[in-house]
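Number of protein chains: 2
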Amino acid sequence: MTVSSRKTTIYDIARLSGSSPSTVSAVLSGASAKRRIKASTVEAIQKIATDAGYTTNMQARGLRRARSGLAGMIIPLHDNRFFSSLSQSFDTLARERGLCPVIASTLRNPKEETRVVETLISYAIDSLFIAGATDSEALGALCRAARLPHIFVDLPGNNAPSVVTNNGHGAEQLSWKILGKMRVQADKIRAKPYFIGGSSADYATAERIKAFKSVAKASGIAIDQDQIIQCGYAPRNATVEIAALCDRLGGLPAGLFVNSLTVFEGVMSYFVTLPSDAFSDSIIGCFDYDPLAAFLQFPVYMVRQNSNQLIARAYELLDLGAAAPSMSQIEPDLIEPRTLHKGPLSDLG
Amino acid sequence: MTVSSRKTTIYDIARLSGSSPSTVSAVLSGASAKRRIKASTVEAIQKIATDAGYTTNMQARGLRRARSGLAGMIIPLHDNRFFSSLSQSFDTLARERGLCPVIASTLRNPKEETRVVETLISYAIDSLFIAGATDSEALGALCRAARLPHIFVDLPGNNAPSVVTNNGHGAEQLSWKILGKMRVQADKIRAKPYFIGGSSADYATAERIKAFKSVAKASGIAIDQDQIIQCGYAPRNATVEIAALCDRLGGLPAGLFVNSLTVFEGVMSYFVTLPSDAFSDSIIGCFDYDPLAAFLQFPVYMVRQNSNQLIARAYELLDLGAAAPSMSQIEPDLIEPRTLHKGPLSDLG
DNA sequence: ATGAAAGCGCTAACAA
DNA sequence: TTGTTAGCGCTTTCAT
């Protein structure tokens, strides 16, 4: 293997092998069968290519073929258990299909979202998965203008296919656990269940609140508007809100539906200031899963979204060439307290 | 904005504006000053480009300029708090520099590592950050052959610059906490501290073990080989190992240094089967940070690696054009039990 | 079974 | 101040 001054191209290999660039191209791009190239030629070219350390220039190939081989996805942020799990599935499945994954984060910022999507488009990505966008309409429009196949993940799409967690069903199961196990409190004021986190502008949150309310109704429990605390996803806000609530109630509410892990973290940040018997008569659930949350001082019911299936289904839709608006639902799993979930990748660490 | 059948190119804009492709190119690639293009022409071209929804074809630009504008990074997996935090910093800082981040996971598989790096090279990435690779030598060789500037992150590089956490110092601080607070046990057999997780083939693990031993020595505590349990990073193995250990000892050891979050999860999976007073006379520390680990039934000392600084420093080295082997160290933070760390992005959720 | 040649969209000399 | 032109490395008809 000689260290050349420039990257080896098919022209170098053509020269070295005494054949033409088109033959080399055919061999090296796996079209040798279609072009009926002699087996000996194929082998010779392949050997030379390997020895020269040749790698296809995907920019050139992409430019010519008008397909880059890049699969794009946007997420709000990497540093989040749910989205990083989506990323892992996206990455793995992309590479299984011979695509190169490109994942970019948008920080839940609409301006950034469009900038990022425009960037990805300019790199000629072949497809785009959109997860957790704030302005899905705008992004959909961008993709449509660029004729870019796109699928919304964990987000309903008005003008394109989408794959979402069955938030309603997951939240229903979680609500049944919380409301069903709530003990009758001596203390009337604390007897009510609460929902904390997210924003109802968000589809997923809205679905979960709906389920929470409907289960409450079925259980004969009234839910007032003040029992639904919408403080977004930032841990800091959640800390403030839960502290204020417990202050008002003189203790924890009988039941608490926490709408995401980040909110859960914020809630914990307040809980840790309480004596350990403060939790004994509260049932706590979280819509999202974290292995460590399974091992806290008190039991936590959790709902784990199936990111692998979300992504797998999205790829299926892509393969089908689906472009019409649609909504596939993926069932999440209810995880009992003190349970370590074993996924396909949990042996990796 | 008309929906054309093909993507708009500079030729379309040239035609529409009555100027030449090179002028359009200059304007649209921000070289209008250097080419002294008339302000009115610039404006006209920009307006037409915007109206036509023009976006630069980065494949074509990259092919011509021999620079893609892609910044690559490989990590073992996305679904991991430390690596996803690296990803976030990498993504943010890349886009601040006008680069498009491409992050691919290798699943700690040497074969996959080379495949992934080859793929990234074929997309003509301008630089590569290598994190958590198993065969760093091989990857370094690949990059060198491709004349690809590369930097090892959280990994020492023999033939290229590297930025690593000061594992020794972090582990020393953590060891002092654990060993310094260990109570004298009535039960002699449980009086010894243990180190669990990782593999000493791994640089970071080796450094941490070294520090653990040296602090023990300074504290007059002997460390036998059986006190260093190397079971890799998979939670499952850790569960088995810690169970076997506690079985042997008849309880928890007086001190436990856990070498990563995934191992910690495995350990917790066993701990949760124990009565809550089992932890009262053990000091537990973990080299890695998770907000929820701060809120377990027992206090946990944690070390948080500063991923933002790791990446920032790596970019600095890149900007400097550093290619010679070197090792920058970044200090990690010791996090006291019951503490929620506030990072630059912790307000996002 | 293989080669010649055009062109994907862009940039950068070189001309004018 | 702007236009002409020659590629970047690859694929793909169309010839042979």
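Chains as they are written, first to last, in this note's numbering: chain P, 212 to 560; chain A, 212 to 560. Idealized CB from N, CA, C, for every residue including glycine. The structure presented is a predicted model; accordingly, all values stated were derived computationally and were not measured.
- For R278 (chain A), no chain P residue has a Cβ inside 9 Å of its Cβ, as the nearest lies near 10 Å away.
- Here A315 (chain A) is buried: its Cβ has 16 or more other Cβ atoms, across all protein chains shown, within 10 Å.
- Rounded to whole angstroms, the gap between the alpha carbons of S493 (chain P) and Y512 (chain P) is 12 Å.
- Around the Cβ of S347 (chain A), a 10 Å sphere holds 16 or more other Cβ atoms; the residue is buried.
- Relative to L353 (chain A), the option among A:C497, A:L274, A:S338, A:L366 whose CA is nearest is A:S338.
- Taking the C-beta atoms as reference points, I453 (chain A) is found nearer than 9 Å to G477 (chain A).
- Assigned with DSSP and collapsed to three states, D499 (chain P) falls in strand.
- Counting the other Cβ atoms within 10 Å of the Cβ of H552 (chain P) gives fewer than 16, which makes it exposed.
- In terms of CA proximity to P464 (chain P), P:S491 leads the group P:E307, P:S491, P:L385, P:R278.
- At a cut-off of 9 Å, the C-beta of T330 (chain A) has a neighbouring C-beta in chain P.
- Looking only at A:G466, A:M479, A:I432, the smallest Cα-Cα distance to P446 (chain A) is reached by A:M479.
- When the five nearest sequence neighbours on each side are left out, no beta carbon in the same chain lies closer than 6 Å to the beta carbon of D435 (chain P).
- Identification of chain A residues near Q441 (chain P) by a Cβ-Cβ cut-off of 9 Å yields none; the smallest Cβ-Cβ distance measures about 13 Å.
- Given a length threshold of 3 residues, each whole run of the beta strand (DSSP E) inside the segment 401 to 459 of chain P is given here in chain order: 404 to 407.
- Below 8 Å, too few C-beta pairs join the segment 216 to 234 of chain A and the segment 295 to 302 of chain P to call them touching: fewer than three.
- Cβ proximity to chain P below 7 Å picks out S295, S296, S298, Q299, D302, C311, P312, V313, I314, A315, S316, L318, R319 from the segment 295 to 328 of chain A.
- If one requires a minimum length of 3 residues, the beta strand (DSSP E) runs lying completely within the segment 263 to 299 of chain A are 281 to 286, in chain order.
- Scanning its chain for C-beta atoms nearer than 6 Å, with the 5 sequence neighbours on each side dropped, one finds around V235 (chain A) the residues I221, I224, A225, I256, in chain order.
- A residue is called buried when at least 16 other Cβ atoms come within 10 angstroms of its Cβ; D488 (chain A) does not meet this threshold and is exposed.
- If you keep only unbroken beta strand (DSSP E) runs of at least 3 residues inside the segment 310 to 394 of chain A, you get 311 to 316, 338 to 342, 361 to 364, 372 to 376.
- Inclusion of R419 (chain P) and N378 (chain P) in the CB contact set at 9 Å is warranted, their separation being smaller than that value.
- The beta-bridge partner set that DSSP reports for L467 (chain A) consists of A:Y405, A:I495.
- Annotation for S243 (chain P): A237, V253 place their beta carbon closer than 7 Å to its own, counting only its chain and skipping 5 residues before and after.
- Annotated as distal: A422 (chain P) and H361 (chain P), with beta-carbon spacing of 9 Å or more.
- Residues of chain P with a Cβ closer than 7 Å to the Cβ of D290 (chain A) are, in chain order, S295, S296, Q299, L556.
- The criterion of a C-beta distance shorter than 9 Å is not satisfied by G391 (chain A) and Q441 (chain A).
- Assigned with DSSP and collapsed to three states, L545 (chain A) falls in strand.
- Per DSSP, R524 (chain A) is one residue of the alpha helix (DSSP H) stretching across 518 to 530.
- A Cβ-Cβ distance of about 6 Å is found for the pair I495 (chain A) and F509 (chain A), placing them in contact under the 8 Å criterion.
- Here DSSP, grouped into helix, strand and coil, assigns Q257 (chain A) to helix.
- Residue state for V514 (chain A) is assigned as strand, using DSSP reduced to three classes.
- Pairing A335 (chain A) with Q520 (chain P) gives a Cβ-Cβ distance that is not under 9 Å.
- Looking from the CA of N370 (chain P), the closest CA among P:A356, P:P321, P:S251 belongs to P:A356.
- When only Cα atoms are considered, P536 (chain A) and L528 (chain A) end up about 11 Å apart.
- Note: S539 (chain P) is bridge-paired with P:V374 in the DSSP secondary-structure output.
- Sequence-distant partners of R308 (chain A) (beyond 5 residues in either direction) whose C-beta falls short of 7 Å from its own C-beta are missing from its chain.
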